[in-house]
Structures are given as C-alpha cells and as structure tokens.
Amino acid sequence: MDVKCNVLPMENSDLILKVLSCHEIISNITEFGGNFVGFLCSFIVKKKKPKLLNKFDKSIKVELDAAEKLRKKGKTEEALMAFEALASKYPQSPRARYGKAQSEDDLAEKMRSNDILQRSITTYGEVANLPNVPDDLIKMALKRRADRQQFLGRMRGSLVTLQKLVDQFPNDTSFKNNLGVGYLLIGDNNNAKKVYKEVLRLAPNDGFAKVHYGFILKAENKIEESIPYLKEGLETGDPGTDDGRFYFHLGDAMQRVGNKEAYKWYELGYQRGHFASVWQRSLYNVKGLKAQPWWTAKETGYTELIKVCNVFRISPMDTMELSASDASKADRNVLSWSQFFISIFVLSHLISA
1 MDVKCNVLPM
11 ENSDLILKVL
21 SCHEIISNIT
31 EFGGNFVGFL
41 CSFIVKKKKP
51 KLLNKFDKSI
61 KVELDAAEKL
71 RKKGKTEEAL
81 MAFEALASKY
91 PQSPRARYGK
101 AQSEDDLAEK
111 MRSNDILQRS
121 ITTYGEVANL
131 PNVPDDLIKM
141 ALKRRADRQQ
151 FLGRMRGSLV
161 TLQKLVDQFP
171 NDTSFKNNLG
181 VGYLLIGDNN
191 NAKKVYKEVL
201 RLAPNDGFAK
211 VHYGFILKAE
221 NKIEESIPYL
231 KEGLETGDPG
241 TDDGRFYFHL
251 GDAMQRVGNK
261 EAYKWYELGY
271 QRGHFASVWQ
281 RSLYNVKGLK
291 AQPWWTAKET
301 GYTELIKVCN
311 VFRISPMDTM
321 ELSASDASKA
331 DRNVLSWSQF
341 FISIFVLSHL
351 ISA
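Take the sequence shown: its position 289, counted from the start at 1, is 289 in UniProt numbering, and no numbers get skipped.
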C-alpha cells in the first residue's frame, strides 16, 4: 500500500514538506546513511513566492513599492491616491492596477461602502484583461474578485469570474473546486456535481471534491452512495474538509443505513468543536446556550421579571387619570401625559435592573 505523508507547513514559516511515498522515504533514508534529520532537511524547500511583476513593472518597482508601503501601513486613502496616479501614468501596468484594486478594497472595508467595493471589483477585473499579466497576478486578482462578488451577493457574477479562472488554468483543480461551491451557493446542485465529478477524474484523492460530491449525493437521497465520498474526504484532512456539515451528514447517512460507526463521526465532530456535544449536533450554536428538555423557572432567567409582573398590569389610563384634587369633573378629558411617560421610564429601568 502506497501511504502518503501529508505534512502541513509550520506556523509562521515559509517552509513546506514535499509529499513522499513510502518507497521514496526508504530509498532516501538509505542514501543519507540512516540520518533521518539529514533526509528530512533534504526535502524542505522554500515556499514559492508569487510572481506579480512583468518586465515593465520591474522597471517601475521603486514607485510600486512606495505605494504598497503606504497600503501596508494602513494609510488607505494615501495608498489609493498613489496607485491611482501610477495606474494613470502607466495604464499598461498590471501591478499598479492591482494595487489600486486592493486599496479600493481596503477603503471599502474601512468605510463600510458597497459602492467603493464595487469599484474594486471592477478594477480587479481590469487587471486580468491587461496584456502581459503574470499568471500569479491573474489568479490573485480574479480569486479576490470572485470572493468580493460573493460577499455582495453577486453569486452569478462570481460564477463568471470563477469560470474564467477555470478556463485560463484548466489543470488547477482548486479553481474547479471553488466553481463547484459557487454553483452550490445558487442552489445549482447539478452543475456543481458535474464540476466535482470532473475534479475527481483529474485528482481522484482530492478530499475537498470528495466531501462536496458526497454532500450532493446525500442531498439527492443517494444515502449509501454518499457515505464513502464523505468518509474518505474527511479522512484526507485536506483544507476545506473540516466542516461540521460533513461530519453531520456522514453520521446521519450512516445512521440511516444502520451503520453504528455514525457515532464515531459525531464524536469526531464534537472533538473538532463543530457540535456542542455528541447528542447536540446543531451546526449553529451560541456560546453558553444549551439544550435540555425541561427547565426550572430559575434556569430560564425570568424569575426576576415574574416578580415585577404586577407592575406591568397597571393600566396606563389609571396612570394618566387626574385626581379629583388636580382637576374638576369637567376636565376629566384632559390627560397628564407626563405622568404616563414617567411611569414608562420607571418601568424600563425596573426591567433593566
């Protein structure tokens, strides 16, 4: 059996470990004379930095870096002005246009402005349409564009962006996976299913595609068929698979076919923090909120309000009624509104106390 070693990057490090088969491990340890540390170090490689500058942008790197420095310092308005000036001065510069899009994105977040965010979405799209744009820059611009479109609820617009990524980089299954999610967000399970089927044809061990494909099969009531996809997908531990929905649906599918292994997955879901307990498997929980069949009056937290219940029964008309000493019978149609509002004010403070 060809076992894979999936080792995640160390925190705060640019180092990653290559995935090795058992045969590679044995042969390489032998080559290093049994020195496992030496063997391990030989497979540590620096994480590849994305290439964001084309030949022209390298010639104006000093100006680009100065504007980017402002953005990283949080000087959003100044950074936007700097990148706008560069994009105007060098309209053929994809990096200047990308910096402008990022600055608009930052400003939209700061101002909580959808209009500014829409401007950034447009600018991200412009980046990909310029000539001689590095592949890494296209990927970053369009991925962010799709993300911001989804944030604004422009789901179909994000699908167009994601499809563009898939068309330009057909061998990158991560874009296909994101496209599948895009279809799921608009309830188009059929197209999502086609996308994940294609991903699994290209990458049979893709955990993200497996859990989503299994999720779709279960939604189609193909319970037994969904189980291996959900199970194998979760077992990969791939990014995007550690989701409470997949633990829940795998356990539920197993229960429906009488598989006692269901509670093992519920337990794992609980240990991962997705469920409040093995038995309380709601996916959306509030910290401190618990479920139980019966509650005492004290446990509800309403006992103090019950104590002042009689206060609520005071008739507003009784409060507003003038006493005989304050007004004659002829003036009974005149109401003391100040008395009424003072009583309401007292009541509100009584409740909050």
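For each residue, glycine too, the CB sits at the ideal point set by N, CA and C. This structure is a prediction, so every number in the text was calculated from the model and none was measured.
Is it buried or exposed, residue i, if we count other Cβ atoms within 10 angstroms and call 16 or more buried?
i: Ala79; result: buried
i: Ile44; result: Bear in mind that a pLDDT of 43 at Ile44, under 50, signals an unreliable position, so the number given afterwards is only what the model happens to contain. The residue is exposed, with fewer than 16 neighbouring Cβ atoms inside 10 Å.
i: Gly33; result: The predicted position of Gly33 is uncertain, since its pLDDT is 45 and thus under 50; a value taken from the coordinates is nonetheless stated next. Flag for Gly33 reads exposed.
i: Ile116; result: buried
i: Asn178; result: buried
i: Ala87; result: buried
i: Arg201; result: exposed
i: Ile121; result: buried
i: Ser158; result: buried
i: Gly258; result: exposed
i: Arg272; result: exposed
i: Leu64; result: buried
i: Met140; result: buried
i: Ala146; result: buried
i: Ile138; result: buried
i: Thr173; result: buried
i: Thr303; result: exposed
i: Leu289; result: exposed
i: Thr296; result: exposed
i: Ala108; result: buried
i: Thr300; result: exposed
i: Gln280; result: exposed
i: Trp265; result: buried
i: Val308; result: exposed
i: Gln292; result: exposed
i: Arg148; result: buried
i: Ala66; result: exposed
i: Val286; result: exposed
Report back the beta-carbon spacing between residue i and residue j to the nearest angstrom; my notes put them in contact at under 8 Å.
i: Thr76; j: Ser103; result: 6 Å
i: Gly226; j: Leu217; result: Here residue 226 turns out to be Ser, not Gly, going by the sequence shown. Confirmed, Cβ separation roughly 4 Å.
i: residue 356; j: Gln92; result: No information on residue 356 is available, as it lies outside the stretch 1 to 353 that the chain covers here.
i: Phe83; j: Lys69; result: With 8 Å as the limit, Phe83 and Lys69 do not qualify as a contact, their Cβ atoms being about 12 Å apart.
i: Val160; j: Lys176; result: The Cβ separation is near 15 Å, so there is no contact.
i: Arg112; j: Leu53; result: In fact, because the Cβ distance is near 32 Å, the residues do not count as touching under 8 Å.
i: Phe275; j: Thr241; result: Phe275 to Thr241, Cβ: 16 Å. No contact.
i: Val127; j: Tyr98; result: 5 Å
i: Asp136; j: Lys51; result: 5 Å
i: Gly187; j: Leu162; result: At roughly 16 Å, the Cβ-Cβ gap does not stay under 8 Å, so Gly187 and Leu162 are not in contact.
i: Leu283; j: Phe248; result: 6 Å
i: Leu142; j: Lys164; result: 6 Å
i: Arg144; j: Tyr124; result: 6 Å
i: Tyr229; j: Gly214; result: 3 Å
i: Glu232; j: Lys210; result: 5 Å
Under DSSP, the alpha helix (DSSP H) around residue i begins and ends at which residues?
i: Ser59; result: 55 to 59
i: Lys73; result: Lys73 -> no alpha helix (DSSP H), and no H or E assigned at all.
i: Leu152; result: Leu152 -> no alpha helix (DSSP H), and no H or E assigned at all.
i: Ile121; result: 114 to 129
i: Val211; result: 207 to 219
i: Leu250; result: 244 to 256
i: Gly233; result: 223 to 236
i: Leu305; result: 303 to 307
i: Lys298; result: 297 to 300
Helix, strand or coil: how does DSSP classify residue i here?
i: Leu283; result: coil
i: Gly187; result: coil
i: Val45; result: Here Val45 scores only 47 on pLDDT, less than 50, and its place in the model should not be relied on; the value that follows carries that caveat. Note: Val45 maps to strand in three-state DSSP.
i: Asp172; result: coil
i: Asn132; result: coil
i: Pro94; result: helix
i: Ile261; result: Looking at the sequence shown, residue 261 is not Ile but Glu. If DSSP states are grouped into helix, strand and coil, Glu261 belongs with coil.
i: Glu198; result: helix
i: Gln292; result: coil
i: Ser277; result: coil
i: Val62; result: helix
i: Arg145; result: helix
i: Ala203; result: coil
i: Gly269; result: helix
i: Thr241; result: coil
i: Lys110; result: helix
i: Lys139; result: helix
i: Leu52; result: coil
Using 7 Å as the limit for Cβ to Cβ distance, is residue i near chain D?
i: Lys194; result: Judged by its chain identifiers, the structure shown contains no chain D, having just a single protein chain.
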